[in-house]
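The sequence shown begins at 7 in our numbering and counts up one residue at a time. The beta carbon of each residue, even a glycine, is placed where N, CA and C say it ideally should be. Notes follow once the structure below has been shown.
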Amino acid sequence: MGCCFSHEDKPEKTPIIDTRPADSQQCVRQRKVVLLGYAAVGKTAISQQFVEEKFPVTYYSTVDQTLVKRLKVRGEEFHLSVLDTAAQDECSLFQPQYSIGTQGYILVYSIAERRSFEICKTVYDRLHCEVVDAAVVLVGNKIDLEKQRQVPTEEAQALAQSWGCPFVEVSAKKKDSVNRIFTMLVDEILTREEGSARVRGSWFNKTPR
Numbered sequence: 007m008g009c010c011f012s013h014e015d016k017p018e019k020t021p022i023i024d025t026r027p028a029d030s031q032q033c034v035r036q037r038k039v040v041l042l043g044y045a046a047v048g049k050t051a052i053s054q055q056f057v058e059e060k061f062p063v064t065y066y067s068t069v070d071q072t073l074v075k076r077l078k079v080r081g082e083e084f085h086l087s088v089l090d091t092a093a094q095d096e097c098s099l100f101q102p103q104y105s106i107g108t109q110g111y112i113l114v115y116s117i118a119e120r121r122s123f124e125i126c127k128t129v130y131d132r133l134h135c136e137v138v139d140a141a142v143v144l145v146g147n148k149i150d151l152e153k154q155r156q157v158p159t160e161e162a163q164a165l166a167q168s169w170g171c172p173f174v175e176v177s178a179k180k181k182d183s184v185n186r187i188f189t190m191l192v193d194e195i196l197t198r199e200e201g202s203a204r205v206r207g208s209w210f211n212k213t214p215r
């Protein structure tokens with residue numbers, strides 16, 4: 007059975023274009039990350055706070071859109087393409103564009119909405135049916151709504167530990183905490199890439215010549 011969604015019209019965004027000279031872009035490494043989660047958990051607020059350094063005051067249902075920004079991790083500069091996706095729920099399908107050229111995923115829930123946390127589990131299961139050993143960060147958003155909390159921090163920490171991924175709670179209103187999400191994810195991507203490279207190197211060294 008399919009699910010239907012109604013979306014309000016959303017004003018078109020001006021594309022964010024990297025205007026730096028080509029010479030300055032040569033050493034920048036490219037990575038693509040995708041935000042996934044239930045409706046109104048703050049995926050768009052997180053992506054806009056990270057890229058545009060502002061918190062949106064008006065909520066619109068999101069249609070998939072990509073923003074870009076540079077970020078320095080481990081002393082290296084990365085050009086991040088950030089895909090902000092439409093809401094997922096129990097019957098959403100994992101779209102092919104979410105895995106093509108993607109190195110990492112941010113799974114977002116609201117600490118003030120239990121259902122959004124449960125849907126993160128479903129999204130994660132579907133993600134791992136399509137992408138083996140994906141780099142993931144679990145994010146509990148809206149810590150500014152602490153009095154309305156429905157998801158204990160300890161429960162989310164345990165879930166992230168079972169997935170083998172980093173976990174952080176943030177408020178999309180706070181630039182520093184949002185930046186931490188992307189730094190953690192890129193670091194996780196690099197760690198996994200280094201592990202894969204070691205495995206490939208070990209296999210190559212054992213191959214008879």
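Whole angstroms is fine: what's the gap from residue i's alpha carbon to residue j's?
{"i": "G48", "j": "G201", "result": "32 Å"}
{"i": "T128", "j": "A141", "result": "17 Å"}
{"i": "P27", "j": "S87", "result": "In this prediction, P27 scores a pLDDT of 42, lower than 50, which makes its location untrustworthy; no coordinate-derived value is stated."}
{"i": "K78", "j": "R186", "result": "11 Å"}
{"i": "C33", "j": "R76", "result": "12 Å"}
{"i": "E152", "j": "L133", "result": "29 Å"}
{"i": "D193", "j": "E59", "result": "21 Å"}
{"i": "H172", "j": "M190", "result": "This sequence places Pro at residue 172; His is not what is there. For P172 and M190, the distance between alpha carbons rounds to 7 Å."}
{"i": "Q101", "j": "S183", "result": "28 Å"}
{"i": "A92", "j": "Q154", "result": "25 Å"}
{"i": "E199", "j": "Q71", "result": "26 Å"}
{"i": "K181", "j": "C135", "result": "33 Å"}
{"i": "G170", "j": "D139", "result": "10 Å"}
{"i": "H13", "j": "D131", "result": "Note that H13 scores 40 on pLDDT, short of 50, meaning its location in the model is unreliable; the coordinates nonetheless yield the value given after this. Rounded to the nearest angstrom, the two C-alpha atoms are 26 Å apart."}
{"i": "F188", "j": "S98", "result": "25 Å"}
Between the Cα of residue i and the Cα atoms of the options, which residue gives the shortest distance?
{"i": "Q94", "options": "V40, L191 and K60", "result": "V40"}
{"i": "P158", "options": "A45, Q55, A46 and Y115", "result": "Y115"}
{"i": "S105", "options": "E175, Q167, V137 and E161", "result": "V137"}
{"i": "Y44", "options": "R80, V145, H85 and E199", "result": "V145"}
{"i": "T197", "options": "H85, A46, E161 and R80", "result": "R80"}
Using a 10 Å radius around the Cβ and a threshold of 16 neighbouring Cβ atoms, would you call residue i buried or exposed?
{"i": "R120", "result": "exposed"}
{"i": "A164", "result": "exposed"}
{"i": "Y111", "result": "buried"}
{"i": "S122", "result": "buried"}
{"i": "K148", "result": "buried"}
{"i": "V63", "result": "exposed"}
{"i": "L42", "result": "buried"}
{"i": "L113", "result": "buried"}
{"i": "S168", "result": "exposed"}
Whose C-beta lies closer than 7 Å to the C-beta of residue i among residues of the same chain, with five residues either side of it excluded?
{"i": "F82", "result": "Note that residue 82 is Glu in the sequence shown here, rather than Phe. The residues are R35."}
{"i": "I233", "result": "The structure shown does not extend to residue 233, since the chain is modelled only from 7 to 215, so the question has no answer here."}
{"i": "E96", "result": "I125 and T128"}
{"i": "A118", "result": "K148, L151, Q154, R155 and Q156"}
{"i": "G107", "result": "K38"}
{"i": "A46", "result": "Y65"}
Between which residues of its own chain and residue i is the CB-CB distance below 6 Å, once the five residues before and five after are set aside?
{"i": "T50", "result": "T68 and D90"}
If you drop the 5 nearest sequence neighbours on each side, which residues of the same chain put their C-beta closer than 8 Å to that of residue i?
{"i": "F61", "result": "A51, Q54, Q55, A178 and K179"}
{"i": "F84", "result": "V34, R35, Q36, R37, R76, L77, K78 and V192"}
{"i": "V57", "result": "I22, L73, V74, K75 and V88"}
{"i": "A166", "result": "L144, P172 and F173"}
{"i": "V176", "result": "I52, V145, G146, N147, I149, S183, V184, R186 and I187"}
{"i": "Q103", "result": "D70 and L89"}
Go through the region 99-150 residue by residue and report every complete run of the alpha helix (DSSP H) that reaches 4 residues or more, in order.
120-136
Scan the region 29-89 and note each continuous alpha helix (DSSP H) run of 4 residues or more that stays entirely inside, going in chain order.
49-58
Sequence ranges, beta strand (DSSP E) only - wholly within the region 158-213, length at least 3
173-175
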